[in-house]
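Only one structure is covered here, and it is reproduced in the block below.
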Amino acid sequence: MIERPDIDALMAGPLGQWLSEQESVREEAKKSTWNRRFVVLLVLLPLAAFVWITFRLDFSPVVWVTAVLGMLGFAWAQGPVKRAVRTVKVGINDAIAEALDLEYLHDCDGGQPFELAKACKLLPKHDRANFEDQWSGHFGEIPFSLHECHLEERRGSGKNRRWVTVFRGIVMSVGYSRRFHGTTLLLRDNAFRSFFGSKKDSVKVIGKQLDFADMTHPDFEDRFDIYTSDQTEARHLIDPLYVERLIALERSYRGEDVATIFHEGSLVVTLKTGNMFESGSIEARDDRRRIEKTVDQFANIAALAHELNSREPLTQR
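Residues in the sequence shown are numbered from 77 upward in steps of one, following my numbering.
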């Protein structure tokens, strides 16, 4: 288990001093953003009126072009605030990671856990992926990594072509105390359906055939499906207590559609959530609350990692 960081100690130490120094930076960023917004309004609206009157264009195209330019202009205006918030966020998360004896990276890639989750079809089809907020290290002797993932799919055609979010959440990998004999997936009920809509008897992922496991327990039948290459091991790994831990994880993150993979020496978890670990704010008064929230998230993760490794191992075959 990790020792929960003391918020008072964090705020009284180098982090608190650094945040005090950032107050003037944040105030300057707010001023710059308001000045840029004023410039956008001062230039854009008169320009749109001039074009409409001078060239006698139809009203609809002028409104559409003005709206697009307005969005671009206000995105430019928001730049100073966004940069200030990111700087504060990275500074806070670095301090929390140091207190937890973890490593934090704001920019990252998907890595092996994401590729495994994608290959096992725990993540939806997508056309582009973005990653951020990677935390990695050990909880005691347990290797751990987690990052946020945003997946989007291109839909529609012509003017209706747009990017649609199909998944936003976390991909987490927790090392297990031993390697698994087989591969086991736990997903929401009816995640794998046949052409006619019925539940599939088996699926093929990462070159393996995984068969549906009937766990003969109402908690499983109503909420989850299990596919595995080792029925005996699956029954040992996944029991009502394990399911309750996953549901508790969903609740703690206010997430949904939790899914897990037991493969080789790791447990990979995917979970839909909102945008997480946003510890940075343009308002200094929000710092402590956001720090507490991020620390709470990791306390729940640490507890889960510890509990998942606390069960007795199977007899070696």
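Heads up, the beta-carbon is just placed ideally off N, CA and C, and yes, glycines get one too.
{"Query": "In terms of DSSP beta bridges, what is H226 paired with?", "Result": "N206, R244"}
{"Query": "Taking only the alpha-carbon atoms, compute the straight-line gap between R113 and S233 and give it to the nearest angstrom.", "Result": "33 Å"}
{"Query": "Would you tell me roughly how many angstroms separate the C-alpha atoms of V242 and T349, rounded to the nearest one?", "Result": "12 Å"}
{"Query": "Looking at the strands, I want to know which residues DSSP matches up with T346.", "Result": "V247, A335"}
{"Query": "Write down the C-beta distance between A289 and A310 rounded to the nearest angstrom, noting that I regard them as a contact closer than 8 Å.", "Result": "5 Å"}
{"Query": "Leaving out the 5 sequence neighbours to the left and right, which residues in its chain are closer than 6 Å to R204 when beta-carbon positions are compared?", "Result": "E228"}
{"Query": "For S253, name the three-state secondary structure that DSSP assigns.", "Result": "coil"}
{"Query": "Report the three-state DSSP secondary structure of L198 (helix, strand or coil).", "Result": "coil"}
{"Query": "Can you list, in chain order, the residues of its chain with a C-beta nearer than 7 Å to that of H182? Leave out the 5 residues immediately preceding and following it.", "Result": "V166, E208, D209"}
{"Query": "Return the chain-ordered list of same chain residues with a C-beta closer than 6 Å to the C-beta of V345, the five sequence neighbours on each side being excluded.", "Result": "M248, T336"}
{"Query": "Using only the alpha-carbon positions, how far apart do D118 and Q154 sit?", "Result": "The question names Asp, but residue 118 in the sequence shown is Leu. Spanning the two alpha carbons is a distance of roughly 16 Å."}
{"Query": "Count the other CB atoms within 10 Å of the CB of V240; is the residue buried (16 or more) or exposed (fewer)?", "Result": "exposed"}
{"Query": "Kindly say whether D306, judged by its beta-carbon, lies nearer than 8 Å to any beta-carbon of chain C.", "Result": "The chain inventory of the structure shown lacks chain C, comprising one protein chain alone."}
{"Query": "Let me know the secondary structure DSSP gives E217 once reduced to three states.", "Result": "coil"}
{"Query": "Go ahead and label K194 buried or exposed: buried means 16 or more other beta carbons lie within 10 angstroms of its beta carbon, across all protein chains shown.", "Result": "buried"}
{"Query": "Which ranges does the beta strand (DSSP E) cover as unbroken runs of at least 3 residues, wholly within the region 265–335, from first to last along the chain?", "Result": "278–281, 284–288, 300–304"}
{"Query": "Can you tell me where the beta strand (DSSP E) with D183 in it begins and where it stops?", "Result": "178–183"}
{"Query": "What separation, rounded to the nearest whole angstrom, lies between the Cα atoms of E388 and R254?", "Result": "Reliability fails at E388, whose pLDDT of 46 lies under 50, so the model's placement of it is uncertain and no value is given."}
{"Query": "Can you tell me whether DSSP reads T259 as helix, strand or coil?", "Result": "coil"}
{"Query": "Would F256 pass as a contact of H312 if the rule is Cβ separation under 8 Å?", "Result": "no"}
{"Query": "Give the straight-line distance between the Cα atoms of L120 and G146, rounded to the nearest whole angstrom.", "Result": "7 Å"}
{"Query": "What span of residues does the alpha helix (DSSP H) with K71 cover, start to end?", "Result": "With the chain covering only 77 through 393, there is no way to say anything about residue 71."}
{"Query": "Whose C-beta lies closer than 6 Å to the C-beta of R264 among residues of the same chain, with five residues either side of it excluded?", "Result": "D333"}
{"Query": "Can you say whether E359 is buried or exposed, counting buried as having 16 or more other CB atoms within 10 angstroms of its CB?", "Result": "exposed"}
{"Query": "Could you check how far apart the C-beta atoms of N351 and R238 are, in whole angstroms? I think they sit under 8 Å.", "Result": "No, N351 and R238 are not in contact; Cβ-Cβ is about 20 Å, not under 8 Å."}
{"Query": "Using DSSP with H/G/I as helix, E/B as strand and the rest coil, what is R365?", "Result": "helix"}
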